[in-house]
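Chains as they are written, first to last, in numbering that gives the first Met the number 0: chain A, 0 to 388; chain B, 0 to 124.
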Amino acid sequence: MDKSMRGKAAIVGAATFGCGEAPGFTDMELLARAARMAVEDAGLTMADIDGLCTASASATMWAMPVIEYLGIRPTYVDGTMIGGSSFIAHLLPAMRALEAGQCSAVLVCYGSAQRSAKFGRREIVASRRFLDPQPYEMPYQPMLPPSAYALAASRHMYEFGTTREQLAHVAVAARAWAAKNPEAFVRDPLSVDDVLSARMISDPLSVRDCCLVTDGGGAYVLVSAERARDMPNKPVYVLGNGTAIYNRQISCMPELTTTAAFTSGQQAYAMAGMGPDQVDVVQLYDAFTINTILFLEDLGFCKKGEGGPFVASGAIAPGGDLPVNTNGGGLSCVHPGMYGIFATIEAVRQLRGDCGERQLGGLETALVHGNGGTLSSQSTAILGLESTL
Amino acid sequence: MNDISAPMGVQEAFDQALKQGRFLVQQCDGCHRHVYFPRELCPHCGHGSLQAVEPCGRGTVHAVTTVRRKPADGGDFNVSLIDLEEGVRMMSRVEGVTPDQVVIGMKVTARVADGIVLFDAVEAQ
Ligand SMILES: [Zn+2]
Numbered sequence: 000m001d002k003s004m005r006g007k008a009a010i011v012g013a014a015t016f017g018c019g020e021a022p023g024f025t026d027m028e029l030l031a032r033a034a035r036m037a038v039e040d041a042g043l044t045m046a047d048i049d050g051l052c053t054a055s056a057s058a059t060m061w062a063m064p065v066i067e068y069l070g071i072r073p074t075y076v077d078g079t080m081i082g083g084s085s086f087i088a089h090l091l092p093a094m095r096a097l098e099a100g101q102c103s104a105v106l107v108c109y110g111s112a113q114r115s116a117k118f119g120r121r122e123i124v125a126s127r128r129f130l131d132p133q134p135y136e137m138p139y140q141p142m143l144p145p146s147a148y149a150l151a152a153s154r155h156m157y158e159f160g161t162t163r164e165q166l167a168h169v170a171v172a173a174r175a176w177a178a179k180n181p182e183a184f185v186r187d188p189l190s191v192d193d194v195l196s197a198r199m200i201s202d203p204l205s206v207r208d209c210c211l212v213t214d215g216g217g218a219y220v221l222v223s224a225e226r227a228r229d230m231p232n233k234p235v236y237v238l239g240n241g242t243a244i245y246n247r248q249i250s251c252m253p254e255l256t257t258t259a260a261f262t263s264g265q266q267a268y269a270m271a272g273m274g275p276d277q278v279d280v281v282q283l284y285d286a287f288t289i290n291t292i293l294f295l296e297d298l299g300f301c302k303k304g305e306g307g308p309f310v311a312s313g314a315i316a317p318g319g320d321l322p323v324n325t326n327g328g329g330l331s332c333v334h335p336g337m338y339g340i341f342a343t344i345e346a347v348r349q350l351r352g353d354c355g356e357r358q359l360g361g362l363e364t365a366l367v368h369g370n371g372g373t374l375s376s377q378s379t380a381i382l383g384l385e386s387t388l
Numbered sequence: 000m001n002d003i004s005a006p007m008g009v010q011e012a013f014d015q016a017l018k019q020g021r022f023l024v025q026q027c028d029g030c031h032r033h034v035y036f037p038r039e040l041c042p043h044c045g046h047g048s049l050q051a052v053e054p055c056g057r058g059t060v061h062a063v064t065t066v067r068r069k070p071a072d073g074g075d076f077n078v079s080l081i082d083l084e085e086g087v088r089m090m091s092r093v094e095g096v097t098p099d100q101v102v103i104g105m106k107v108t109a110r111v112a113d114g115i116v117l118f119d120a121v122e123a124q
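Encoded structure:
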């Protein structure tokens with residue numbers, strides 16, 4: 000891993016818009032509102048944006064309509080689409096483009112009206128059968144994505160004795176954080192029993208083990224570290240980033256209980272010259288409760304197989320030793336199809352000290368981890384304040 | 000079936016075999032490992048020559064879920080990942096028992112029905 004890029008770029012603006020329910024808005028409108036606010040937050044105007052990273056779960060050529068809509072003329076474009084981890088995986092290539100002088104201000108942006116859209120989930124699932132076929136899984140009618148994560152959870156329970164109660168603690172911790180976040184979509188109390196007794200979706204996962212379906216837009220702005228020092232916000236430096244993919248389909252995952260986060264994490268840690276013990280706050284893609292357990296293990300916050308007892312100890316909840324998903328995560332805050340950008344934005348807000356009631360003290364570093372597909376793509380980033388450079 | 004002059008790709012060839020009631024996997028001429036799902040090259044060693052072979056049909060449930068579905072739509076059903084004795088894993092469904100009776104480690108045996116591969120629990124010895 001090339002350590003020379005460590006800290007060479009910083010996130011200097013970030014914004015969300017329409018998180019939760021935003022009826023009457025399109026994907027593009029949510030993206031554009033968030034993008035404009037993020038650029039403004041950075042103290043820039045759209046005319047300053049000459050790099051664009053974006054992805055859509057439906058439009059394959061999404062960068063083009065975004066460029067057209069925003070009225071920008073980027074000299075650097077990354078439309079890499081590897082699911083919800085895309086907006087974290089966009090970091091390192093953008094850093095290289097900034098370092099090479101190909102561009103000077105990169106806008107990373109996303110928007111989805113998944114909850115309110117008239118072209119709904121049923122239609123999207125039906126069209127994917129043709130546009131993105133998985134002919135060796137589809138005949139068995141797994142409910143994707145939940146069934147894929149359920150299969151991994153079943154294996155984790157079998158190999159390590161992980162329980163449904165332990166999975167439920169992930170959802171309960173996320174909800175406790177959401178209660179402190181006015182932007183979170185669901186904030187009412189949630190107990191372990193509530194999760195266990197909720198409607199089953201794909202065993203061992205109940206509906207409360209599954210992320211929300213919301214609307215929302217998110218965006219952030221990345222510039223060189225040198226330029227970041229003269230900008231209005233406290234820069235959030237990118238210390239490390241790594242991306243890894245082993246498989247697309249759950250049936251082709253080499254080991255159901257070890258994700259490619261193991262590799263992406265190693266790459267990000269190596270670039271940052273840090274280990275998990277130096278991470279102050281963790282934001283990771285909790286599409287399902289098993290994700291949090293798998294990623295905490297694969298990223299080295301606990302040993303493989305010990306994620307269940309770790310989360311059940313209260314470690315990741317408010318007041319615990321390792322704050323995880325302080326916005327409420329995809330489980331309780333926001334999940335418009337792809338969550339990665341929202342995890343990144345929450346890490347930026349925590350490091351900048353913008354988090355109100357849920358603000359943590361003494362933060363210097365944050366780890367952001369994104370997942371895409373069905374435990375398929377994994378991207379890890381380590382962010383830090385100036386003191387970590 | 001991987002001859003470049005062959006008139007079809009491996010997916011179509013395997014589909015046609017299934018429609019005739021034959022379940023095939025591949026075996027690589029380079030590293031001799033078995034491959035599933037069928038590919039035009041070996042994902043283990045990159046070799047381009049793979050033979051279609053009939054697996055023995057015996058397997059073990061590796062991971063399991065019960066997909067919940069309204070009774071009116073047919074009710075709950077099983078989706079499993081099955082490890083075949085040849086060393087490949089595939090998604091399928093275990094039939095002949097209720098979904099909650101399908102457990103990891105269960106021995107199963109393959110059959111072809113309606114053009115797809117399904118599995119039945121092996122009777123206790
Ligand atoms: Zn081979």
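Glycine is no exception: its CB is placed at the ideal position from the N, C-alpha and C atoms.
- Residue state for H31 of chain B is assigned as coil, using DSSP reduced to three classes.
- In its chain, beyond the 5 residues on either side, G114 have a beta carbon closer than 8 Å to the beta carbon of D14 of chain B.
- In the three-state scheme derived from DSSP, where H, G and I count as helix and E and B as strand, A177 of chain A is classed as helix.
- Between D49 of chain A and the set A:A33, A:V107, A:R32, A:R5, the nearest pair of CA atoms involves A:V107.
- DSSP, reduced to helix, strand and coil, places L283 of chain A within a strand of the structure shown.
- When beta bridges are read from the DSSP output, T15 of chain A appears opposite A:G217.
- Taking 7 Å as the cut-off, one finds at least one heavy atom of ligand 1 near enough to the beta carbon of R32 of chain B.
- By the Cβ-count criterion, R228 of chain A is exposed, with fewer than 16 other Cβ atoms from all chains shown falling within 10 Å of its own Cβ.
- The beta-carbon of F36 of chain B is placed less than 8 Å from the nearest beta-carbon of chain A.
- Along the length of the stretch 42–116 of chain A, whole beta strand (DSSP E) runs at least 3 residues long occupy 50–53, 75–77, 104–111, reported in chain order.
- In terms of CA proximity to T257 of chain A, A:S375 leads the group A:K117, A:A346, A:S375.
- Burial check for A99 of chain A: the Cβ neighbour count within 10 Å stays below 16, so the residue is exposed.
- Distances from the CB of G29 of chain B to the heavy atoms of ligand 1 include at least one below 7 Å.
- When only Cα atoms are considered, E136 of chain A and P42 of chain B end up about 18 Å apart.
- One finds Y139 in chain A with Cβ atoms closer than 8 Å to the Cβ of R92 of chain B, taken in chain order.
- For the pair V278 of chain A and T373 of chain A, the CB atoms are not nearer than the 8 Å cut-off.
- Residue-level contact by beta carbon holds for L80 of chain B and chain A, with a gap shorter than 8 Å.
- Pairing F300 of chain A with V281 of chain A gives a Cβ-Cβ distance under 8 Å.
- According to the DSSP secondary-structure assignment, T364 of chain A is paired through a beta bridge with A:G383.
- For T343 of chain A, the enclosing alpha helix (DSSP H) starts and ends at 339–351.
- The beta-carbon of Q19 of chain B is placed no less than 8 Å from the nearest beta-carbon of chain A.
- Distance between S153 of chain A and P231 of chain A, taken at the CA atoms: about 48 Å.
- Taking 3 residues as the shortest admissible run, the stretch 45–122 of chain B contains the following complete beta strand (DSSP E) segments, listed from N- to C-terminal end: 49–52, 57–66, 76–83, 88–91, 106–112, 115–120.
- Between G329 of chain A and V87 of chain B, the alpha-carbon positions lie close to 34 Å from each other.
- Across the structure, G216 of chain A and P70 of chain B are spaced so that their CA atoms are roughly 37 Å apart.
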